[in-house]
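Student:
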Amino acid sequence: MRPQRDIGIYLHIPFCRQRCHFCAFYLEVARTERMDVFRSALEQEIDLYNRQGLTSNRPLRSLYFGGGTPTALPATQLVSLLDRARTAWPTDASTEITVEAHPSTVTAVDLKILADAGFNRISFGAESMDENDFVPIGRPGRVRDTDVAVEAARAAGFVNINLDLMYGLPSQSLTSWTETLQSLLALEPSHVSCYALTIEEGTRLAHDIARNVVPKPDDALQVDMESAAETILQAAGLVHYEISNYAKPGFASRHNLLYWTDGDYLGLGPSAQSYVNGVRFGNVADLTAYVDLLNEHHLPLAERAGLSEDDQQRDALVFGLRLVEGIPRRLVHPDMPQHRTLASLSSQGLIEWNEERIRLTALGRRYADSVAQELY
Ligand code: SF4
177 MRPQRDIGIY LHIPFCRQRC HFCAFYLEVA RTERMDVFRS ALEQEIDLYN RQGLTSNRPL
237 RSLYFGGGTP TALPATQLVS LLDRARTAWP TDASTEITVE AHPSTVTAVD LKILADAGFN
297 RISFGAESMD ENDFVPIGRP GRVRDTDVAV EAARAAGFVN INLDLMYGLP SQSLTSWTET
357 LQSLLALEPS HVSCYALTIE EGTRLAHDIA RNVVPKPDDA LQVDMESAAE TILQAAGLVH
417 YEISNYAKPG FASRHNLLYW TDGDYLGLGP SAQSYVNGVR FGNVADLTAY VDLLNEHHLP
477 LAERAGLSED DQQRDALVFG LRLVEGIPRR LVHPDMPQHR TLASLSSQGL IEWNEERIRL
537 TALGRRYADS VAQELY
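Counting with my numbering, you get residues 177 to 552 for the letters of the sequence shown.
#1: Which whole runs of the alpha helix (DSSP H) in the segment 334 to 373 are 4 residues long or more, in chain order?
#2: Indicate the three-state DSSP secondary structure (helix, strand or coil) for E501 in the structure shown.
#3: Give the DSSP-derived three-state secondary structure of H473 in the structure shown.
#4: Pick out whichever of V275, H515, G301, E204 has its Cα sitting closest to the Cα of C192.
#5: Would you identify the three-state DSSP class for F201, choosing helix, strand or coil?
#6: What is the rounded straight-line gap between the Cα of L477 and the Cα of R430?
#7: For the ligand SF4, is there a heavy atom less than 6 Å away from the beta-carbon of T407?
#8: Taking the C-alpha atoms as reference points, what is the distance between I503 and V494?
#9: Between the beta-carbon of R533 and the beta-carbon of R505, is there less than 7 Å?
#10: Could you tell me whether the segment 300 to 317 touches the segment 256 to 273, where touching means 3 or more Cβ pairs closer than 8 Å?
#11: In or out: T263 buried (at least 16 other Cβ within 10 Å) or exposed?
#12: Over what stretch of residues does the beta strand (DSSP E) that includes N296 continue unbroken?
#13: Roughly how many whole angstroms lie between the Cα atoms of R227 and G378?
#14: Please name the residue, chosen from L361, T252, R237, L507, that lies closest to Q410 on a Cα-to-Cα basis.
#15: Thinking E501 and R535 are a contact (beta carbons under 8 Å), I'd like their distance in whole angstroms, please.
#16: Please say whether A382 and Y343 have beta carbons closer to each other than 7 Å?
#17: Contact between the segment 208 to 221 and the segment 251 to 266: three or more CB pairs below 8 Å?
#18: Which residue's Cα is closest to the Cα of P510: F300, R490, L433?
#19: Please look up how many angstroms separate the CB atoms of S366 and F427, rounded, as I've assumed it's under 8 Å.
#20: Out of curiosity, what's the CA-to-CA distance linking E528 and A206?
#21: Could you tell me how far apart the beta carbons of A302 and T322 are, in whole angstroms, since I believe they sit closer than 8 Å?
#22: Using the beta-carbon count (16 or more within 10 Å), is A248 buried or exposed?
#23: Report the residue from A277, D268, L187 whose alpha carbon sits nearest the alpha carbon of F241.
#24: Give the C-beta separation of L463 and R210 to the nearest angstrom, bearing in mind that I take them to be a contact with Cβ-Cβ under 8 Å.
#25: T231: which of L397, A329, L442 sits nearest, CA to CA?
#26: Quick one: does the C-beta of T281 sit closer than 6 Å to a heavy atom of the ligand SF4?
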């Protein structure tokens, strides 16, 4: 039996002011009455877990408000949800409490309310520091909003500030991307996430590309952009610790590290995913169904799968390889079904291993999704 390990709680807030053209997340366009219904259902879900005690007595590593755009809700409502969550999962000074925010949805007053209530990490979706990049991806707001929001967050007391960026955007060049990186660094974030644009089926962007309204992403250019990000961000003292993530020492995301280190996490809210005690389960990706189930005092689950010991080891390997430092070699047993695949990946220069650790090479990180598929 596993010892009582620490756990992270994820709260999915499924609202945005509008849907960006590339986004396939489960969410609704923010409307007050739907947000009110959602909040009440989320409180019921928190209370149900509290009564069940599934995760009580587990040290709480993190509370993460993600979305969607959590700050589509007023700051006071986020604080009341935080307080409710803390009745089920008490926090202490070491708990990382993150809120994701779109820069144009928060004021200095909101940020002060959030910081004073105990949120100690904020993650802004900057996406780019060049406004020309926003139009083809339908991302609302101005670059100036990011500058103002970061400054206000710092003034409110946030020290741990993440900025998300995207590369491979339709209008981006290598030059404009490096300028975005430099402008971002001028804001002195403690953490930066860089995500390659991927085209999700059914999105407006996929449709625009199919109609030749927007150009397809250029794979070779994305590779150059990834290298440029690594060079520029590392030179600024941000450590590349996961394929898409960079942090100043001591600022790696404690919540996201749970995903990559075989940790347990419980997700609440429509479409949220969980992994607790070797079982993966997920909530219904439909707000109405979510509310109905909770009104009937049921957990709003859509799926549940217990993983065999082999599957748990495989997942720990696949997710752990996303970390730049990889995973301890002792986690890879010679009798694992993946052992032979690893040897083949090693001969292709995609992974490297020694007595102590096994990790992706720089080439392997570039093809991480294909490596993961090989290992499944
Ligand atoms: S703000 Fe984020 S979550 Fe909302 S639509 Fe845009 S990409 Fe999706």
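The beta-carbon is built from N, C-alpha and C at its ideal position, and this holds for glycine as well.
Tutor: Taking the structure as given:
#1: 350 to 361
#2: Your numbering for residue 501 matches position 325 in the sequence shown. Coil at E501, not helix or strand.
#3: On the sequence shown, residue 473 is found 297 positions in, with the first residue counted as 1. Three-state DSSP puts H473 in coil, outside helix and strand.
#4: One-based indexing of the sequence shown puts residue 192 at position 16. Here the closest residue by C-alpha is E204.
#5: The residue labelled residue 201 in the question sits at position 25 within the sequence shown. Coil.
#6: Mapped onto the sequence shown, residue 477 falls at position 301. Mapped onto the sequence shown, residue 430 falls at position 254. Spanning the two alpha carbons is a distance of roughly 26 Å.
#7: Taking the first residue of the sequence shown as position 1, residue 407 is located at position 231. No, since every heavy atom of the ligand SF4 falls outside the 6 Å radius drawn around the Cβ of T407.
#8: On the sequence shown, position 327 is the one that residue 503 refers to. On the sequence shown, position 318 is the one that residue 494 refers to. The alpha-carbon atoms of I503 and V494 are separated by roughly 10 Å.
#9: Here residue 533 refers to the residue found at position 357 when the sequence shown is read from its first residue. Here residue 505 refers to the residue found at position 329 when the sequence shown is read from its first residue. The answer is yes: Cβ separation under 7 Å.
#10: no
#11: To locate residue 263, count along the sequence shown from 1; it is residue 87. T263 should be labelled exposed.
#12: Numbered from 1 along the sequence shown, position 120 holds the residue referred to as residue 296. Taken as a continuous stretch (DSSP letters only), N296 belongs to no beta strand (DSSP E), as it is neither H nor E.
#13: Reading the sequence shown from its first residue, position 51 is the one you call residue 227. Reading the sequence shown from its first residue, position 202 is the one you call residue 378. About 39 Å.
#14: Here residue 410 refers to the residue found at position 234 when the sequence shown is read from its first residue. Cα-wise, what sits closest to Q410 is L361.
#15: Counting from 1 along the sequence shown, the entry for residue 501 is found at position 325. Counting from 1 along the sequence shown, the entry for residue 535 is found at position 359. About 6 Å; that satisfies the 8 Å criterion.
#16: Against the sequence shown, residue 343 aligns to sequence position 167. Against the sequence shown, residue 382 aligns to sequence position 206. Result no, Cβ atoms of Y343 and A382 do not sit closer than 7 Å.
#17: yes
#18: Working through the sequence shown from its first residue, we reach residue 510 at position 334. Among F300, R490, L433, the Cα nearest to that of P510 is on R490.
#19: Your numbering for residue 366 matches position 190 in the sequence shown. Your numbering for residue 427 matches position 251 in the sequence shown. Indeed, because the Cβ distance is near 4 Å, the residues count as touching under 8 Å.
#20: Reading the sequence shown from its first residue, position 352 is the one you call residue 528. Reading the sequence shown from its first residue, position 30 is the one you call residue 206. About 46 Å.
#21: Locating residue 302 in the sequence shown gives position 126, counting from the first residue. Locating residue 322 in the sequence shown gives position 146, counting from the first residue. Contact flag correct, Cβ pair sits at about 5 Å.
#22: Indexing the sequence shown from 1 puts residue 248 at position 72. Classification of A248: buried, given that the 10 Å Cβ count is 16 or more.
#23: Within the sequence shown, residue 241 is the residue found at index 65, counting from 1. The shortest C-alpha separation from F241 is found at L187.
#24: Your numbering for residue 463 matches position 287 in the sequence shown. Your numbering for residue 210 matches position 34 in the sequence shown. At roughly 7 Å, the Cβ-Cβ gap stays under 8 Å, so L463 and R210 are in contact.
#25: Reading the sequence shown from its first residue, position 55 is the one you call residue 231. Answer by Cα proximity: L442.
#26: Counting from one through the sequence shown, the residue named residue 281 turns up at place 105. False, no ligand heavy atom lies under 6 Å from that Cβ.
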